[in-house]
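Student: Before I ask anything, here is the structure I am working with.
Protein chains: 2
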Amino acid sequence: MLQREKKTKELKGESDSTSKAKPWVDQDLQDDTEIPSPNQGDDEEDDPGSELDLPHVPYAPPRYAVDSMLERSRDFYTLLNQRRSVRFISPEPVPREVIDNVIRTAGTAPSGAHTEPWTFVVVSDPDTKHAIRTIVEEEEEVNYRQRMGNKWVKDLAKIRTTWVKEYLDVAPYLLLIFKQTYGIGTGGKRKTHYYNEISVSISCGMLLAALQNVGLVTVTSTPLNCGPRLRVILQRPTNEKLLMLLPIGYPSDDATVPDLKRKPLDDIMVHI
Amino acid sequence: MLQREKKTKELKGESDSTSKAKPWVDQDLQDDTEIPSPNQGDDEEDDPGSELDLPHVPYAPPRYAVDSMLERSRDFYTLLNQRRSVRFISPEPVPREVIDNVIRTAGTAPSGAHTEPWTFVVVSDPDTKHAIRTIVEEEEEVNYRQRMGNKWVKDLAKIRTTWVKEYLDVAPYLLLIFKQTYGIGTGGKRKTHYYNEISVSISCGMLLAALQNVGLVTVTSTPLNCGPRLRVILQRPTNEKLLMLLPIGYPSDDATVPDLKRKPLDDIMVHI
Numbered sequence: 001m002l003q004r005e006k007k008t009k010e011l012k013g014e015s016d017s018t019s020k021a022k023p024w025v026d027q028d029l030q031d032d033t034e035i036p037s038p039n040q041g042d043d044e045e046d047d048p049g050s051e052l053d054l055p056h057v058p059y060a061p062p063r064y065a066v067d068s069m070l071e072r073s074r075d076f077y078t079l080l081n082q083r084r085s086v087r088f089i090s091p092e093p094v095p096r097e098v099i100d101n102v103i104r105t106a107g108t109a110p111s112g113a114h115t116e117p118w119t120f121v122v123v124s125d126p127d128t129k130h131a132i133r134t135i136v137e138e139e140e141e142v143n144y145r146q147r148m149g150n151k152w153v154k155d156l157a158k159i160r161t162t163w164v165k166e167y168l169d170v171a172p173y174l175l176l177i178f179k180q181t182y183g184i185g186t187g188g189k190r191k192t193h194y195y196n197e198i199s200v201s202i203s204c205g206m207l208l209a210a211l212q213n214v215g216l217v218t219v220t221s222t223p224l225n226c227g228p229r230l231r232v233i234l235q236r237p238t239n240e241k242l243l244m245l246l247p248i249g250y251p252s253d254d255a256t257v258p259d260l261k262r263k264p265l266d267d268i269m270v271h272i
Numbered sequence: 001m002l003q004r005e006k007k008t009k010e011l012k013g014e015s016d017s018t019s020k021a022k023p024w025v026d027q028d029l030q031d032d033t034e035i036p037s038p039n040q041g042d043d044e045e046d047d048p049g050s051e052l053d054l055p056h057v058p059y060a061p062p063r064y065a066v067d068s069m070l071e072r073s074r075d076f077y078t079l080l081n082q083r084r085s086v087r088f089i090s091p092e093p094v095p096r097e098v099i100d101n102v103i104r105t106a107g108t109a110p111s112g113a114h115t116e117p118w119t120f121v122v123v124s125d126p127d128t129k130h131a132i133r134t135i136v137e138e139e140e141e142v143n144y145r146q147r148m149g150n151k152w153v154k155d156l157a158k159i160r161t162t163w164v165k166e167y168l169d170v171a172p173y174l175l176l177i178f179k180q181t182y183g184i185g186t187g188g189k190r191k192t193h194y195y196n197e198i199s200v201s202i203s204c205g206m207l208l209a210a211l212q213n214v215g216l217v218t219v220t221s222t223p224l225n226c227g228p229r230l231r232v233i234l235q236r237p238t239n240e241k242l243l244m245l246l247p248i249g250y251p252s253d254d255a256t257v258p259d260l261k262r263k264p265l266d267d268i269m270v271h272i
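First to last, the sequence lines map onto chains V and F.
Going by full-length UniProt numbering, the first residue of the first sequence is number 1, and it counts up by one from there.
Going by full-length UniProt numbering, the first residue of the second sequence is number 1, and it counts up by one from there.
Right, dumping it as structure tokens:
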């Protein structure tokens, strides 16, 4: 009985806090981390398995000579500048270990208070891929026709995006990246996941670099309004929300991309 | 007179739309892209310099043999797994071209409708760095003492973060990453920057990979509530909001990091 009472109090406290002003949340950042109110913090149980006072250890990563730094920085830019979003993916199988390593790499991203608030759902089962495709295409068609109006349709006309997503059936893997909007500690207490959306997005950037590094392609999509339905069919818990959907594979032989240009350095950088 | 009337109508229309329900904005994503209401879209002027129907070109990136893919994926994971957030940075100068290439690399990230909604402000001027440090430390101290309460202070106690940020004076470069919440097209019309916060965060992930690749270190910080003051001293326009602040340099000789562990693959990945 005590456990349930505690949970009710916690849930009630959190719903109260979200309706009050939250000066400790940066108004400029849209990542709406659920931070409990200051008074509530005292109720939270510390994870008994965690160390409250972690030791610090020396950190001395590899250092490169200047010439090597220049060469490495040029080569890495060349590699990533070749990356494009690709919607034409081959059905050819991809070695599973490569996918595992790419996801391990994404998991090395920094995160608010080291909460690592990400779940990478890798789908290769054909029936599940097809179910995902059905849901995504249904929602996307509604989006295009009803919700977005002329503005969005005009912008995307430039890159000829439509609601038919054949790659969702064809690509050997679909990667659905979920953000954990909060964690569950021992004893069922909620754990705050600071800046979870920003953290998972940063992780996605590293994942894209890892894919490019092995010659795989994807398109980084944020399917509008599909999140809840996809969460259910993939059996993810309620603290997880879909952030991105990435089909992964080799490019198809006839793959094309829109002839877009990237801004030059002077357009994106200011030096003071 | 007509131009001003149009602008007034546009601003009025946008403030009306934000107060109505927005079914075309994904409720699950916190990146609150400002998408004008469907009716307003018709008033927007197309950028006369842009192509409404971009040609598609073949895309055939380098392909690696399976053995090579495995090796490259392992090596890249090893490289990025060595990356840590580092708060002890050497004052030693870093070659400017390396920084330029790192930022070029960040600029290759995907973005909503290819809007590239990022501004990378690189600060090496000592007085400006000191002004930044003063602002950040003032705000951080208030945060710690007043706004966050016990919860945040307890979590961060594990990694001994305080409001003193010596690295803001010491690091050879401070990189302040701004998100462009909307663009300004020709004729002064607003340009929607879809998912700008997610896009800039993805870009940041690529930037962190690029820094790690050349042996430089940083800490990815989101200084609470400093955005407006920093935007002003860096003379950024009102459509830009600070997303992240990264001090960049070599690690100091006595650099340490908290002895944190990363989750194993099975804790972050689900395969269906």
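Backbone N, C-alpha and C define an ideal beta-carbon position, used for all residues, glycine too.
Check residue 240 of chain F in the structure and name its three-state DSSP category.
Tutor: As a position in the second sequence, residue 240 of chain F is number 240, starting the count at 1. The answer is strand: DSSP assigns residue 240 of chain F an E or B state.
Student: Quick one: what's residue 118 of chain V bridged to in DSSP?
Tutor: For the purposes of this step, residue 118 of chain V is identified with residue 118 of the first sequence, where counting begins at 1. Paired residue(s): V/179.
Student: Hey, would you say the C-beta of residue 103 of chain F is under 8 Å away from at least one heavy atom of the ligand ZN?
Tutor: For the ligand ZN, the structure offers nothing, since it holds no ligand at all.
Student: What are the start and end residues of the beta strand (DSSP E) that includes residue 190 of chain F?
Tutor: Against the second sequence, residue 190 of chain F aligns to sequence position 190. Its beta strand (DSSP E) spans residues 190-192.
Student: CA-CA distance, residue 81 of chain V and residue 205 of chain V?
Tutor: Position 81 of the first sequence, counting from 1, holds the residue named residue 81 of chain V. Position 205 of the first sequence, counting from 1, holds the residue named residue 205 of chain V. Each residue's Cα considered, the two are about 13 Å apart.
Student: Indicate whether residue 230 of chain F and residue 168 of chain F have their beta-carbon atoms separated by less than 9 Å.
Tutor: In the second sequence, counting from the first residue as 1, residue 230 of chain F sits at position 230. In the second sequence, counting from the first residue as 1, residue 168 of chain F sits at position 168. The answer is no: Cβ separation not under 9 Å.
Student: Mind checking residue 165 of chain F: buried by the 16 CB within 10 Å criterion, or exposed?
Tutor: What you label residue 165 of chain F is simply residue 165 of the second sequence in a count that begins at 1. Buried.
Student: Chain F beta carbons: is any one of them nearer than 9 Å to that of residue 66 of chain V?
Tutor: Indexing the first sequence from 1 puts residue 66 of chain V at position 66. Cβ-Cβ to chain F under 9 Å: yes for residue 66 of chain V.
Student: Name, please, each residue of chain F whose Cβ falls closer than 8 Å to the Cβ of residue 255 of chain V.
Tutor: For the purposes of this step, residue 255 of chain V is taken as residue 255 along the first sequence, with counting starting at 1. Simply 58, 59, 60.
Student: For a quick check, are the C-beta atoms of residue 88 of chain V and residue 254 of chain V less than 9 Å apart?
Tutor: Stepping through the first sequence from its first residue, residue 88 of chain V is reached at position 88. Stepping through the first sequence from its first residue, residue 254 of chain V is reached at position 254. Yes. Within cutoff.
Student: If residue 246 of chain V sits next to residue 220 of chain V, beta carbons under 8 Å apart, how far is it from one beta carbon to the other, in whole angstroms?
Tutor: If you number the first sequence from 1, residue 246 of chain V lands on position 246. If you number the first sequence from 1, residue 220 of chain V lands on position 220. Indeed, because the Cβ distance is near 6 Å, the residues count as touching under 8 Å.
Student: List, in chain order, every chain V residue whose beta-carbon is nearer than 8 Å to that of residue 81 of chain F.
Tutor: For the purposes of this step, residue 81 of chain F is taken as residue 81 along the second sequence, with counting starting at 1. In chain order: 104, 105, 108.
Student: Quick one: measure Cβ to Cβ for residue 181 of chain F and residue 241 of chain F, integer angstroms, because I've assumed they're closer than 8 Å.
Tutor: Within the second sequence, residue 181 of chain F is the residue found at index 181, counting from 1. Within the second sequence, residue 241 of chain F is the residue found at index 241, counting from 1. Confirmed, about 6 Å.
Student: Using a Cβ cut-off of 9 Å (strictly closer), state whether residue 263 of chain V contacts chain F.
Tutor: The residue labelled residue 263 of chain V in the question sits at position 263 within the first sequence. Residue contact check for residue 263 of chain V against chain F: a CB pair falls below 9 Å.
Student: Would residue 116 of chain F pass as an interface residue toward chain C - the criterion being a Cβ-Cβ separation below 9 Å?
Tutor: Absence of chain C from the displayed structure is noted, the protein chains being V and F.
Student: Once the 5 residues before and after residue 243 of chain V are set aside, which same chain residues still bring their CB inside 6 Å of it?
Tutor: Against the first sequence, residue 243 of chain V aligns to sequence position 243. Setting aside the 5 residues that flank it on each side, residue 243 of chain V is surrounded in the same chain by 177, 179, 200, each with a C-beta closer than 6 Å to its C-beta; the list follows chain order.
Student: CA-CA distance, residue 38 of chain F and residue 84 of chain V?
Tutor: Counted from its first residue, the second sequence places residue 38 of chain F at position 38. Counted from its first residue, the first sequence places residue 84 of chain V at position 84. Because residue 38 of chain F carries a pLDDT of 41, less than 50, the predicted location of this residue cannot be relied on, and no value is offered for it.
Student: Return no unless some Cβ of chain F is closer than 9 Å to the Cβ of residue 250 of chain V.
Tutor: As a working note, residue 250 of chain V is residue 250 in the first sequence. Answer yes: the Cβ-Cβ gap between residue 250 of chain V and chain F drops below 9 Å somewhere.
Student: Quick one: grab the DSSP three-state call for residue 73 of chain V.
Tutor: Against the first sequence, residue 73 of chain V aligns to sequence position 73. In the structure shown, residue 73 of chain V sits in a helix (DSSP, three-state: H, G or I).
Student: Residues in its own chain within less than 7 Å of residue 202 of chain V by CB, not counting five upstream and five downstream?
Tutor: To locate residue 202 of chain V, count along the first sequence from 1; it is residue 202. Only 109, 110 meet the Cβ criterion.
Student: Since residue 132 of chain F contacts residue 174 of chain F with CB under 8 Å, what's their CB separation in whole angstroms?
Tutor: One-based indexing of the second sequence puts residue 132 of chain F at position 132. One-based indexing of the second sequence puts residue 174 of chain F at position 174. Contact flag correct, Cβ pair sits at about 6 Å.
Student: Closest by CA to residue 60 of chain F, which one among V/113, V/250, V/226?
Tutor: Counted from its first residue, the second sequence places residue 60 of chain F at position 60. When each option's Cα is compared against that of residue 60 of chain F, the closest is V/250.
Student: State buried or exposed for residue 265 of chain F, treating a residue as buried only when at least 16 other CB atoms are found within 10 Å of its CB.
Tutor: Within the second sequence, residue 265 of chain F is the residue found at index 265, counting from 1. Flag for residue 265 of chain F reads exposed.
Student: Under the three-state reduction of DSSP, which class applies to residue 123 of chain V: helix, strand or coil?
Tutor: Residue numbering aside, residue 123 of chain V sits at position 123 when the first sequence is read from its first letter. Strand, per DSSP.
Student: My understanding is that residue 101 of chain V touches residue 74 of chain F, with C-beta atoms under 8 Å, so please give their C-beta distance in whole angstroms.
Tutor: Taking the first sequence and counting its residues from 1, one reaches residue 101 of chain V at position 101. Taking the second sequence and counting its residues from 1, one reaches residue 74 of chain F at position 74. With a Cβ gap of about 6 Å, residue 101 of chain V and residue 74 of chain F count as contacting.
Student: Please report whether the beta-carbon of residue 239 of chain V lies at a distance below 9 Å from any beta-carbon of chain F.
Tutor: The residue given as residue 239 of chain V occupies position 239 in the first sequence. With a threshold of 9 Å between beta carbons, residue 239 of chain V makes no contact with chain F.
Student: Is residue 78 of chain V helix, strand or coil when you go by DSSP?
Tutor: Residue 78 of chain V sits at position 78 when you count from the first residue of the first sequence. In the structure shown, residue 78 of chain V falls within a helical segment according to DSSP collapsed to helix, strand and coil.
Student: Excluding five sequence neighbours on each side, which residues of the same chain lie with their C-beta closer than 8 Å to the C-beta of residue 212 of chain F?
Tutor: Walking along the second sequence from the start, residue 212 of chain F turns up at place 212. 79, 80, 82, 83.
Student: On the three-state DSSP scale, how would you describe residue 215 of chain V?
Tutor: One-based indexing of the first sequence puts residue 215 of chain V at position 215. The answer is coil: DSSP assigns residue 215 of chain V none of H, G, I, E or B.
Student: Measuring only between beta-carbons, confirm whether residue 24 of chain V sits less than 9 Å from chain F.
Tutor: Here residue 24 of chain V refers to the residue found at position 24 when the first sequence is read from its first residue. Bear in mind that a pLDDT of 47 at residue 24 of chain V, under 50, signals an unreliable position, so the model cannot answer this.
Student: Any Cβ of chain F within less than 9 Å of the Cβ of residue 172 of chain V?
Tutor: If you number the first sequence from 1, residue 172 of chain V lands on position 172. False, the Cβ-Cβ gap to chain F never drops below 9 Å.
Student: Ordered along the chain, which non-local residues of its own chain (more than five positions away) have a Cβ less than 7 Å from that of residue 171 of chain V?
Tutor: What you label residue 171 of chain V is simply residue 171 of the first sequence in a count that begins at 1. So the qualifying residues of the chain are 89, 247, 248, 249.
Student: Based on the DSSP secondary-structure assignment, which residues constitute the bridge partners of residue 269 of chain V?
Tutor: The residue labelled residue 269 of chain V in the question sits at position 269 within the first sequence. DSSP output for residue 269 of chain V lists F/120 as bridge partner(s).
Student: Find the residues of chain V that neighbour residue 195 of chain F, judging by a C-beta separation of less than 8 Å, and give them in chain order.
Tutor: Within the second sequence, numbered from 1, the residue matching residue 195 of chain F stands at position 195. Going along chain V in sequence order, the residues near residue 195 of chain F (Cβ under 8 Å) are 222.
Student: My guess is that residue 271 of chain F and residue 232 of chain V are in contact by the Cβ rule of under 8 Å, so how many angstroms apart are they, rounded?
Tutor: Taking the second sequence and counting its residues from 1, one reaches residue 271 of chain F at position 271. Taking the first sequence and counting its residues from 1, one reaches residue 232 of chain V at position 232. Actually they are not in contact, since the Cβ atoms of residue 271 of chain F and residue 232 of chain V sit about 18 Å apart, beyond 8 Å.
Student: For residue 234 of chain F, which residues from the same chain have a beta carbon less than 7 Å from its beta carbon, with the 5 sequence-adjacent residues on both sides left out?
Tutor: Along the second sequence, one-based indexing puts residue 234 of chain F at 234. So the list reads 121, 176, once near-sequence residues are dropped.
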